[in-house]
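Quick note on numbering: the numbering used here labels position 345 of the sequence shown as 577, and the sequence is numbered without any gaps. All C-beta atoms, glycine included, are put in the ideal place defined by N, C-alpha and C. Contents: one structure, followed by commentary.
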Amino acid sequence: MMLILSLGYLACLILQDPLCIVCFSFCFLIYLYERFKDKRVLFLFLILMLLSIFRIQIPKTPDCGIYYIIEIKKGYCIASNHKSKVLVHTNQDLSFQDQIEIKHFEPIHTDDNFTLFSFAKYNQTKNIFYKTKDIVVIKHSHSLKSKMYQLIKSRKNADVCLSLYYGIHNESIDQIYTMLGYGYMSAYYIVFSLLKRKYDEKHIRILLLIFSIGFGSLFVYTLSLSRFILYQLSCLCFKTKENQIASTILLFSTIYPTQVLSISFVVPLLLQFVSYFCTEHKWLVQKLVLVCCLMIYFKKINLVSLFCFNLLRKLYGLLFLFGFFIPKLVDFKLMDITLHYAPQAFFIFSFIMVYIQCLKHFQYKYLCILLIPLFEIFCCPFFQVYTLNIGQADCSIIVEPFRKSVVMIDCGQNLYRDNVESIIVPFLENKNIKTIDTLILTHDDYDHSGGYESLKDKVKINQVIRKSDQKVHVNYPFYLLLKDRIAKDENDNSIISYFTYDDFTYLFMGDASKDIEKQLLDMYDLKADVIKVGHHGSNTSSDEEFLNQLDCRLAIISAGYKNKYNHPSTETLKNLQSLNINTLCTNTSGSIAIYTLHHFGFVVTNDGMFGIIII
């Protein structure tokens with residue numbers, strides 16, 4: 233009963249939206265009544281449901297004033313004034329419990345894309361919504377915690393020790409072991425197994441629990457350490473494994489309500505469920521669960537790390553115990569045999585259904601699970617059009633059903649970031665796209681074609697198109713319009729792409745101006761369901777007459793967050809609005825995806841918007 237209640241509470245916290253919580257709770261209460269026939273159980277869940285609603289966090293602008301450094305990460309710190317937490321970017325050498333003054337804040341923003349890590353969303357789960365670069369150090373701390381950090385930081389093997397003891401990411405240690413806290417956990421069980429040979433198990437647990445709390449106070453209470461302490465506390469309070477797991481869920485979810493989907497909590501919890509409920513082939517099931525989680529959270533998996541998981545976990549335990557004293561022992565890096573794959577909802581649903589829906593023969597069941605990613609990648613029936621969020625630049629990717637072809641339109645760069653390295657290539661890897669059949673470079677501006685030299689060294693490109701008189705080699709209507717035109721500048725020489733699939737028509741304008749739009753109307757009788765608006769939505773393009781003639785349903789604009797040109801322009805947005813054209817912009821919605829199948833299509837944005845298009 234306790235486990236079921238804790239899972240219901242966990243589900244409420246995951247849903248977050250009050251209306252969704254109420255709807256779920258109504259159904260769950262019916263289930264509880266049918267299952268237990270006990271009104272006390274219903275009352276307990278109602279209390280948990282109300283608690284989950286009250287724990288919903290509403291972002292508030294932090295107050296200016298005095299803050300203290302509570303956490304240090306690679307490239308930034310986290311400061312708190314006991315009411316709010318703030319991200320601090322600074323070149324100053326800060327330590328734990330240093331006192332600083334903050335006078336200015338700004339929202340944390342990152343250019344978010346499908347399948348890629350979102351730094352902004354990651355911090356939101358920690359109730360951090362604002363950042364600052366403007367700080368004044370009031371006082372450096374001389375606490376034991378600060379001195380310990382400075383001592384470890386001064387050592388030759390500081391990077392590895394900081395990763396083991398503070399959770400600060402280091403390339404030498406697989407990130408999964410840092411985030412799951414397996415260094416400390418493995419060290420704990422090594423010491424526990426040695427001590428229980430001579431001493432009472434309960435006394436050892438109490439002693440090590442006190443030590444764990446002291447360790448967190450001296451170093452840092454990482455999420456994995458906090459979960460582990462709560463689990464050890466539950467082991468002391470309850471005898472049955474079921475109640476221990478349930479108690480851990482309730483305690484962790486109440487203390488960290490926004491972190492219930494963190495890998496530091498989810499993976500150990502799922503592995504505990506497998507250990508408790510799985511009666512056969514436990515090792516294989518644990519590996520499958522681990523693979524699924526790693527793919528969902530990291531979009532990649534190191535095969536060496538996977539198959540040597542138990543061995544490496546024990547090794548990191550030894551590193552945790554002795555790494556501080558033996559620098560050479562920790563100077564190593566795993567062989568990198570990495571598979572990239574970003575599971576979609578189909579993968580997760582299929583994984584669960586195949587396992588639960590009882591294929592009677594063990595070997596066939598797990599074979600089917602292993603084949604799910606291949607099916608999703610190469611047997612996807614949808615025509616897919618992605619517009620990546622790469623700042624004040626352009627990149628769109630068009631994928632034909634069953635991966636028959638991949639076309640990319642532009643691969644722009646920014647001066648402040650390598651888009652190819654940080655966004656385009658990781659996105660292609662996560663989609664398991666290893667070959668681009670056709671790359672269309674609309675024109676020679678840095679924000680449209682600047683990434684080509686870098687991209688061609690990382691991804692195979694079969695065809696590069698730089699002129700409108702070239703042909704795109706795909707098996708559906710794909711035209712490059714206005715081969716003969718009067719162009720006054722490089723923008724007006726942009727390649728204009730017009731293609732059709734599933735009776736949906738698309739028009740990509742590059743940076744073409746209103747003059748080119750007029751020439752298009754004079755030469756073609758154009759209609760388009762989706763338009764990729766020209767020149768990032770500036771007022772030099774998107775004439776109202778042109779948009780009216782196209783009779784568009786959806787307009788997509790690629791523009792950078794708070795860009796210096798103020799794109800998209802107010803004039804362009806008014807033109808689109810006056811014609812009732814739904815408009816999505818990457819600087820507000822993140823990356824944008826269109827999926828079509830026959831006469832049905834839907835639109836998804838990275839910020840969670842969903843829309844349906846029917847022809």
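Query	Result
Coarse secondary structure for residue 853, derived from DSSP in three states	Nothing in the structure corresponds to residue 853, since the chain is present only between 233 and 847.
Cα-Cα separation, residue 409 to residue 391	15 Å
Touch test, the segment 258-273 against the segment 285-296, Cβ-Cβ under 8 Å, three pairs minimum	no
Three-pair Cβ contact test at 8 Å for the segment 516-525 versus the segment 416-429	no
Nonlocal neighbours in the same chain, by C-beta distance under 7 Å from residue 807, ignoring five residues either side	774, 776, 779
Candidates 303, 396, 744, of which the one nearest residue 723 by Cα	744
Residues near residue 457 in its chain [Cβ-Cβ closer than 8 Å; skip 5 each side]	413, 416, 444, 447, 448
Of the listed residues 505, 461, 489, 494, nearest to residue 477 (C-alpha basis)	505
Opening and closing residue of the alpha helix (DSSP H) in which residue 481 lies	473-487
Separation of residue 571 from residue 765, as counted between CA atoms	36 Å
Proximity below 8 Å, CB of residue 423 to CB of residue 362	no
Residue burial classification, residue 646 (beta-carbon count within 10 angstroms, cutoff 16)	buried
Buried versus exposed call for residue 563 [16 or more other C-beta atoms within 10 Å across all chains shown]	Because the pLDDT of residue 563 is 49, which lies under 50, any placement of that residue in the model is unreliable, and the number read from its coordinates should be weighed accordingly. Exposed.
Runs of alpha helix (DSSP H) wholly within the segment 344-412 (minimum 4 residues, chain order)	351-356, 376-385, 390-398, 407-412
Per-residue DSSP class, three states only, for residue 540	coil
Nearest candidate by alpha-carbon position, reference residue 620, set 790, 546, 708	790
Spatially closest choice to residue 489 from 465, 358, 677, 549, by CA coordinates	358
At least three beta-carbon pairs within less than 8 Å, the segment 369-376 to the segment 329-342	yes
Distance, residue 729 Cα to residue 741 Cα	7 Å
Own chain, CB closer than 8 Å to residue 805, minus 5 neighbours either side, in chain order	769, 815
Identity of the residue in 726, 637, 653 nearest residue 616 by Cα	637
Own chain, CB closer than 7 Å to residue 253, minus 5 neighbours either side, in chain order	244, 247, 281, 284, 285
Strand pairing of residue 853, partner residues [DSSP]	Given that the chain is displayed from residue 233 to residue 847, the structure contains no residue 853 and the question cannot be resolved.
Helix, strand or coil at residue 627 [DSSP, three-state]	coil
Extent of the continuous beta strand (DSSP E) run through residue 502	Where residue 502 is concerned, there is no enclosing beta strand (DSSP E), although the alpha helix (DSSP H) it sits in stretches over 495-509.
Cut-off 6 Å between Cβ atoms - residues of its own chain near residue 316, not counting five sequence neighbours on either side	294
Beta-carbon spacing of residue 418, residue 546 below 8 Å	yes
Residue burial classification, residue 592 (beta-carbon count within 10 angstroms, cutoff 16)	Only weak support exists for where residue 592 lies, its pLDDT of 48 falling under 50; the value from the coordinates is given anyway. By the neighbour-count rule (16 or more Cβ atoms within 10 Å), residue 592 is not buried but exposed.
Between the CA atoms of residue 510 and residue 590 - distance to the nearest angstrom	For residue 590, the pLDDT reaches just 48, beneath the cut-off of 50, and the residue's location in the model is therefore unreliable, although a value from the coordinates is still provided. Straight-line Cα distance between these residues: approximately 14 Å.
Residue 425 (DSSP reduced to helix, strand or coil)	helix
Buried versus exposed call for residue 828 [16 or more other C-beta atoms within 10 Å across all chains shown]	buried
Contiguous alpha helix (DSSP H) assignments of at least 4 residues, all confined to the segment 735-785	746-755, 776-782
Beta-bridge partners of residue 523, as assigned by DSSP	None; residue 523 has no bridge partner.
Nearest-angstrom Cα separation, counted from residue 314 out to residue 557	36 Å
Residue 327 versus residue 500 - alpha carbon distance	30 Å
From 627, 398, 474, residue whose alpha carbon lies closest to that of residue 788	627
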